[in-house]
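Residue numbers (the numbering used here), protein chains in the order written: chain H, 1448 to 1667; chain B, 83 to 324; chain P, -2 to 227. We treat Cβ as the ideally placed atom computed from N, Cα and C, and that holds for glycine. First up is the structure itself, then whatever we jot down about it.
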Amino acid sequence: MKFSKLGIIAILAVVGTYVRAIFFTPFDALQGPAQKILYVHAPSAWVGLYLAFGLVFITSILYLWLKDPKLDRVASSSAEVGFVFTSVVLVTGPLWAKPVWGAYWTWDARLTLTLFLWFIYAGYLILRGAIDDFEMRARFSAVIGILGALLVPFIHLSVYFFRTMHPMPVLLKPSAPSMPREMLITLVSSFLALTLLFAWLLRERYLLAVDRDAATEAGS
Amino acid sequence: MTLAPAEGFSVTATDLVRSFGSRRAVNGVSLSLAPGDCLALFGPNGAGKTTLLRMLGGLLRPTSGQATIEGVALPGGAEVRARVGLVSHQTMLYDALTARENVEFAARMYGVADVRQATQRVLQRLGADSFADVRVQSLSRGMQQRVSVARAIVHEPSVLLADEPFTGLDAGGASALTGMLAGLRDSGAAIIIVTHNLDEALSLCTAAAIMRDGRFVRLDSTPIPARDEYTALYRELSVDAS
Amino acid sequence: MVHRTPGVLASALAITRKDLLIEFRSRSVILSAVAFAVLAITIFFFAWDPTAVASVDLAPGVLWVIFTFSGLLGLHRSFGVEQPTRAIDALLAAPVGREAIYLGKLLANLGFVIVVQAISLPAVALLYNVPIGGYVLPLIGIVLLASVGLVAVGTLFSSMVVSTRLAELLLPLLALPFFVPVILPAAQATARLMNGRPVAEVSGYVSILGAFDVVFLVVCTLLYPYTLDQ
């Protein structure tokens, strides 16, 4: 397999970050080794729930407006890669929660929201698989992309009424991040590394979609 | 049939194109029909006939080119759709409703002024008043097609688009349908009819076209060549050309 | 002939009337929805340990599970009745606005779920021995508010899935995640009322339901034309 420049940078960043996370970052005083899952969990959530989903939303709106097949390819590629990252979030979360909270799953607001975003991604991808016509597939999935993004605040609001026990974000909050410096550097670099990984996978998936569409057209 | 400005014509099209992805289903069609004209449209499956009809009926947006219905440019939205009637091999009727209920519903959708009276009139005109209050599911195919035509013309459209209306009809049903369409043509409607039934279409129409790969490969107006000659032409143009 | 484009509301109501008439004639879907509701009430009853859970704690869940799944039965039929003879083509070729078609279908679906609810709500109250008399009006208000949200999204999805393979499977798959932010506050509010809490206590849930209705009614009306051929 041939790697693009972006691919090599992304892989190096991921390897470097997780070597640092495993061997050169101290254990958390309270949570012990389980805390290290954070370096996978938090940046995956950033990529899957915010970056990828946001990109699906924006490209879906633009597709309905401009009808450019490129936008549909970006939206569907982003959904597919975002689905993988969201799955990582859903797997790593319980692994961390069992030793720390004492239960794999709780119906906490953030967990529920993540689960439902995963369902929306899944519905989006299954819908695409059920339509052959390119133009109709692009339109229908754009509709789901837009509705799904509008649903997020409502899921958030409705589950907010169950009190949340999820740790508040450690990085993106107004006061200074509450974490030792060494851990913080690892966490920040994991965000950068997984963002790069997302960009690379998105690009590869996009190029695959271009090939696939060309093949479909040559075949018909 | 020649290219001419839109005034006085029921239907015109100039270089009409519709693409699906990179495939051009309709690839540069031009035509014009005056009131009382009837165009028969022949061609193999996938030639773009249905796509052309759906564009003229306001159901699909043209990718490029111009078309007008009674001088209103496409896509003209509701204004264009109000002037067109649609018939196809699918009856487009609701099985659980009676013939009358189906036609009345259509009349309401078209904003017809006196729904009951208009429905009664059109059912009578098509000889469907004897079974007007029977549910469509218990009618024969020929009766259903009668109701379907009544549904399509209850708002007195000036253009009637018919997509393979003879499919599923026996010889008697087909000639009855031809009679109904001839009556409409004589009352001044322009008709475009897509079909594989050369006999019925040639007896009805004032012009005939053969469509292939999104284009007209032949267009004849009156006098259309005799039936046998035209059948040979059609075979040659639609089967061998690949 | 003078062409006069009919108004949005008049066309919408004509479509609603047509859909309800078809449903009334065939009765197949509404009967199966009601039968489903009664069966579900029975099964929940026998799966329930009355010594551990009070009936007022079980009833809200049973109600909303029934409303959700019986609603799905009706939604699938919504654009399904247009398919066998391609009647949808005639509807789209008529000079009515797309928003009128969406609205007409939505109102018919709303009528459908209201009929099912009108039967299953008293059935649950009666069979589970939950006296709802004291708060029946606020409860009906919450049920209606939630139903509008459910059918607003469901009608749009119904229009999409009829032209795909896997239609029967896809509708619940797509729609259920969208039902959650409606069912959750509605079921919570129902539970509060059944537990004798004051009506003022459910106002937060009511605002969520109201906001959902407004946002999704507007957005789904705008998006409906994109679920059709263009």
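Sort B:154, B:115, B:197, B:239 by Cα distance to residue 169 (chain B) and report the nearest one.
B:239
Identify the contact partners of residue 1577 (chain H) in chain P, using a Cβ-Cβ distance below 9 Å as the criterion.
158, 161, 162, 163, 164, 166, 167
Hey, would you say residue 93 (chain B) sits closer than 8 Å to residue 114 (chain B), going by beta carbons?
Going by C-beta atoms, residue 93 (chain B) is nearer than 8 Å to residue 114 (chain B).
Near residue 219 (chain P), what residues of its chain come up, given a Cβ to Cβ distance below 7 Å and the 5 sequence neighbours on each side ignored?
None.
How would you label residue 131 (chain P), buried or exposed, when you count the other beta carbons within 10 angstroms and need 16 or more for buried?
exposed
Could you tell me the distance, in whole angstroms, from the CA atom of residue 230 (chain P) to the CA atom of residue 216 (chain B)?
This structure cannot settle anything about residue 230 (chain P), because the visible part of chain P is limited to -2 through 227.
For a cutoff of 8 Å on Cβ pairs, would you count residue 1606 (chain H) as touching chain P?
Cβ-Cβ to chain P under 8 Å: yes for residue 1606 (chain H).
Note the first and the last residue of the continuous alpha helix (DSSP H) segment covering residue 217 (chain B).
No alpha helix (DSSP H) holds residue 217 (chain B); DSSP gives it neither H nor E.
Quick one: grab the DSSP three-state call for residue 303 (chain B).
Secondary structure at residue 303 (chain B): strand, using DSSP grouped into helix, strand and coil.
Expected contact under 8 Å - CB spacing of residue 1582 (chain H) and residue 102 (chain B) to nearest Å
6 Å
Nearest to residue 171 (chain B) (by Cα), restricted to the options B:246, B:293, B:262, B:302:
B:246
Kindly indicate if chain P contains any beta-carbon less than 8 Å away from that of residue 1530 (chain H).
No, its Cβ sits nowhere closer than 8 Å to a Cβ of chain P.
Would the C-beta of residue 63 (chain P) count as close to the ligand ZN, meaning under 7 Å from any of its heavy atoms?
Among the components modelled here there is no ligand, and therefore nothing to report on the ligand ZN.
Apart from the five residues on each side of it in sequence, which residues of its chain come closer than 7 Å, Cβ to Cβ, to residue 251 (chain B)?
223, 224, 227, 259
Report the neighbours of residue 209 (chain P) on chain H: residues whose CB is nearer than 7 Å to its CB, in chain order.
1601
Residue-level contact to chain B via CB, residue 1581 (chain H), 8 Å cutoff:
Taking 8 Å as the CB threshold, residue 1581 (chain H) lines the interface with chain B.
State buried or exposed for residue 114 (chain P), treating a residue as buried only when at least 16 other CB atoms are found within 10 Å of its CB.
buried
Buried/exposed call for residue 207 (chain P), threshold 16 Cβ in 10 Å
Its Cβ having fewer than 16 others within 10 Å, residue 207 (chain P) is exposed.
State the DSSP-derived secondary structure class of residue 103 (chain B), mapped to helix, strand or coil.
coil
Apply the 10 Å Cβ neighbour rule to residue 309 (chain B) and answer buried if 16 or more other Cβ atoms are within range, or exposed otherwise.
Residue 309 (chain B) should be labelled exposed.
Is DSSP giving residue 217 (chain P) helix, strand or coil here?
helix
Write down every uninterrupted run of the alpha helix (DSSP H) in the region 96 to 160 of chain B whose length is 4 residues or greater and which is fully enclosed by it, in chain order.
131 to 138
Pull up the DSSP beta-bridge partners for residue 166 (chain B), would you.
In the DSSP output, where bridge partners are listed per residue, residue 166 (chain B) has B:241.
Where residue 297 (chain B) falls: helix, strand or coil (DSSP):
strand
State buried or exposed for residue 166 (chain P), treating a residue as buried only when at least 16 other CB atoms are found within 10 Å of its CB.
By the 10 Å Cβ count, residue 166 (chain P) comes out exposed.
Using the C-alpha atoms, what's the distance from residue 148 (chain B) back to residue 125 (chain B)?
22 Å
Go through the region 231 to 279 of chain B residue by residue and report every complete run of the alpha helix (DSSP H) that reaches 4 residues or more, in order.
253 to 268
Rounded to the nearest angstrom, what separates residue 1458 (chain H) and residue 1510 (chain H) at their Cα positions?
31 Å
List, in order along the chain, the chain B residues whose C-beta lies closer than 8 Å to that of residue 86 (chain P)?
141, 168, 170, 172, 174
Residue 1550 (chain H), DSSP secondary structure in three states:
Here residue 1550 (chain H) sits in coil by DSSP.
Backbone secondary structure at residue 292 (chain B) - three-state DSSP:
strand
Could you please tell me which residues of the region 1650 to 1664 of chain H, in chain order, have their CB closer than 9 Å to any CB of chain B?
1660, 1663, 1664
Evaluate the contact criterion for the region 1523 to 1534 of chain H versus the region 1488 to 1507 of chain H: three or more CB pairs, one atom per stretch, below 8 Å.
yes
Going by Cα to Cα distance, which pick from H:1489, H:1594, H:1589 is closest to residue 1563 (chain H)?
When C-alpha distances from residue 1563 (chain H) are compared across H:1489, H:1594, H:1589, the shortest belongs to H:1594.
So, does the region 179 to 188 of chain P touch the region 151 to 162 of chain P, judging by three or more C-beta pairs under 8 Å?
no
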